[in-house]
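What follows is a single structure, written as structure tokens, with notes after it.
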Amino acid sequence: MARALVVKISGSLLYPPEPGYLRDLARSLLELKVKHGVTLGVVVGGGPVARSYINTLKELGVDNAKLDILGIESARLNALMLSTLLYPKSPLIVPRGIIEAASLAANGLIPVMGGLQPGQSTNAVSLALAEALGANKVINMLNNIDGVYDKPPETPGAQLLREVTYRELRKIINLYPQYPGKYTLLDHTAMKIAERSRITIHFIKGNEPDNLIKAFLGEEIGTIVRP
3 MARALVVKIS GSLLYPPEPG YLRDLARSLL ELKVKHGVTL GVVVGGGPVA
53 RSYINTLKEL GVDNAKLDIL GIESARLNAL MLSTLLYPKS PLIVPRGIIE
103 AASLAANGLI PVMGGLQPGQ STNAVSLALA EALGANKVIN MLNNIDGVYD
153 KPPETPGAQL LREVTYRELR KIINLYPQYP GKYTLLDHTA MKIAERSRIT
203 IHFIKGNEPD NLIKAFLGEE IGTIVRP
């Protein structure tokens, strides 16, 4: 069972904020930390607030690098909200680098990160943090999707895949566009980090925070991506 773990949370699960969901999410994260003794890192996305800014400014001609910055700062705001809820187990700061986050984790705290730099998603941040923590697994909490499908989930006949390889996941990722606010499943940078460190990624439906504990305990849920 993992002694170090990174949890990636879709920003659309956090915004708009819903008290009951946030309470249950915090309870599950603290259960991992306190009851199971996991060295835990958390990374959150920007979600709807990021996409709102990005889509508006994209219409006004703003370039992708600047749009990515809006996504990064939106994710950091979501991260601050969650770290505030987890306080004092989480610091009231959002780390701006992987080393800073790893240092917080080494001191027994739960770092909650947002984005870091243009050109990559918060999924890439979660894989980089997993490397730094020595975690061999990332649990990726999706919004209203219960795992990885062989084609876009809204497509008629799309089938949920229980286990896929990195190579198979790359083919699926290539079905989706890669641009600010729309890095579906993983961006290519995240994929490369997973491959070089052979990190398992477990995609689950994140709308029920108890699924996080189920995934950690090895229940058959969602989709597991392995080398």
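If you read the sequence shown in the working numbering, its first letter stands for residue 3, the second for the next number, and so on.
Quick reminder that beta carbons are idealized off the backbone N, C-alpha and C, glycines included.
Per-residue DSSP class, three states only, for glycine 183: Reliability of the predicted coordinates at glycine 183 is poor, the pLDDT of 49 falling under 50, and the value obtained from them is presented with this limitation in mind. For glycine 183, the secondary structure class from DSSP, reduced to helix, strand or coil, is coil.
Rounded Cβ spacing between glycine 136 and valine 127 (contact assumed at less than 8 angstroms): The beta-carbon distance between glycine 136 and valine 127, rounded to whole angstroms, is 16 angstroms. This is too long to meet the 8 angstroms contact definition.
Cβ-Cβ separation, arginine 78 to valine 96 (assumed contact under 8 angstroms), whole Å: 5 angstroms
Backbone secondary structure at tyrosine 55 - three-state DSSP: Correct three-state label for tyrosine 55: helix.
Assumed close pair alanine 11, valine 40 - CB separation to whole angstroms, cut-off 8 angstroms: In the sequence as displayed, the identity of residue 11 is isoleucine instead of alanine. 16 angstroms between Cβ atoms; not a contact.
The alpha helix (DSSP H) enclosing alanine 103, as first and last residue numbers: 100-108
Terminal residues of the beta strand (DSSP E) in which glutamate 133 lies: Segment 124-135 is the alpha helix (DSSP H) holding glutamate 133; no beta strand (DSSP E) there.
Counted within 10 angstroms of its Cβ, other Cβ atoms place alanine 67 as buried (16 or more) or exposed: exposed
Meets three-Cβ-pair contact criterion under 8 angstroms: the region 98-113 and the region 157-172: no
Contact between the region 212-220 and the region 156-166 (3+ Cβ pairs under 8 angstroms): Below 8 angstroms, too few C-beta pairs join the region 212-220 and the region 156-166 to call them touching: fewer than three.
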